[in-house]
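Here is the structure we will look at, set down as structure tokens.
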Amino acid sequence: MKNQQTKKIPLLAMAGLICAVSIATPQVIFAKQASSTPKAVTQPTKNNQSSKVEIGQKCRIPELKLKENTYVLDYKQSEITGDNIQDNVILVGTKEKLNGKLDTYARDLSIIIQDGKTKKYVKYDWIFKGSDGKMYREIGREPNLIIGDYTGNKVNDIIVTAPQGGNGGFVDHLILTGENLNLKDVMADNQALYENSQAKFSVKLPASWNGHYKVNPISGAEADKVMPFAKHVVQFEYVTKDNKDSEIMMMISVFTKTDWSRLSNEDGPPVGSVIAEADGMVYVSTTPQSNPFDPKSKDGKMFDQLYQDLNLNKSFELIK
17 MKNQQTKKIP
27 LLAMAGLICA
37 VSIATPQVIF
47 AKQASSTPKA
57 VTQPTKNNQS
67 SKVEIGQKCR
77 IPELKLKENT
87 YVLDYKQSEI
97 TGDNIQDNVI
107 LVGTKEKLNG
117 KLDTYARDLS
127 IIIQDGKTKK
137 YVKYDWIFKG
147 SDGKMYREIG
157 REPNLIIGDY
167 TGNKVNDIIV
177 TAPQGGNGGF
187 VDHLILTGEN
197 LNLKDVMADN
207 QALYENSQAK
217 FSVKLPASWN
227 GHYKVNPISG
237 AEADKVMPFA
247 KHVVQFEYVT
257 KDNKDSEIMM
267 MISVFTKTDW
277 SRLSNEDGPP
287 VGSVIAEADG
297 MVYVSTTPQS
307 NPFDPKSKDG
317 KMFDQLYQDL
327 NLNKSFELIK
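Those letters in the sequence shown? Residues 17 to 336, per this note's numbering, in order.
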């Protein structure tokens, strides 16, 4: 979905909406993931031979019936299944050629594990639900694999980072546990779902947000005081580690189409980005311009991480 930039009014600066984060190397604090539970497809091999795996080369595993333009994006050897035998972990995705060179973006991301003992393959397709309710395959700019024991069960897990590009520095994360070749999305059960029946939208919040935020929903005349012309305003605030202070990480405002057109045509810097339109209403997100904390402090680092962990275009959904 394309973001539509709109106009900003001075009142927002006074309201403390000053936060955006610069692009940074992904940190393994793990919160972003698929917005819905992806599917896993198990395929046994027809022989006991391991195929040669080379990063940047096409991935050819006949029994998995991969697309012709499927490439190996990253590759690790590690004990994943819990039998103390090294397994092959392969991150794959489709790529197109642009001006004779392969695009840096990969689509249709999937994780393939080859059991080191049985030589069988398991393929896990990374799928998410878009704000329009449709299911989509994950994409990423130069995605990569990290292997480590995230769950604490003394068996290595698979972490996939998928930078989304752009100025927001958003990075999607997927964490899979593969014990006994039973691939499971670790964070699917840990996401919090915020629903606002009056404003008719929901947001699936990353697992990393748990215990670090509060929500302030405002409607009617009070919403208009925070954001002129808005019928509803929902503020998502970061709560400091000492629980004594909070700062807004994101605000979602809901306008009638007429009011939004009037506001967005006013002079001044952007108010925010349109994330959805339905039934004559426009949903707009306003995100920060700078970190309100010292970036080197614990709160500053956590604020940056939580901000990066939320990809609103993938976690926002309209309620019918």
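Here a beta-carbon is modelled for each residue, glycine too, at the ideal position from N, C-alpha and C.
Only a predicted model underlies this, so the values are computations on that prediction, with no experimental measurement involved.
- Taking 8 Å as the cut-off, the Cβ atoms of Gln102 and Gly132 count as close.
- Secondary structure in the region 234-269: the beta strand (DSSP E) runs of 3 residues or longer, each lying completely within the stretch, are 248-255 in chain order.
- Between Arg153 and Asp275, the alpha-carbon positions lie close to 35 Å from each other.
- In this structure Gly288 is buried. Its beta-carbon is surrounded by 16 or more other beta-carbon atoms within 10 angstroms.
- Across the structure, Ala237 and Lys111 are spaced so that their CA atoms are roughly 50 Å apart.
- Note on Leu118: under 16 other CB atoms within 10 angstroms of its CB, so exposed under the neighbour-count rule.
- The Cβ atoms of Thr86 and Val69 lie no closer than 8 Å to each other.
- Bounds of any alpha helix (DSSP H) do not take in Tyr166, whose DSSP letter is neither H nor E.
- Proximity to Ile268 across Gly149, His248 and Lys241 peaks at His248, based on C-alpha coordinates.
- Taken atom to atom, the span from the alpha-carbon of Lys241 to that of Thr303 is near 18 Å.
- Bounds of the alpha helix (DSSP H) holding Met318 are Lys314 to Asp325.
- When the alpha-carbon of Asp165 is set against those of Lys150, Ile174 and Val138, the nearest one is in Ile174.
- The alpha carbon of Ala178 has as its nearest neighbour, out of Ile155, Asn169 and Ile162, the alpha carbon of Ile155.
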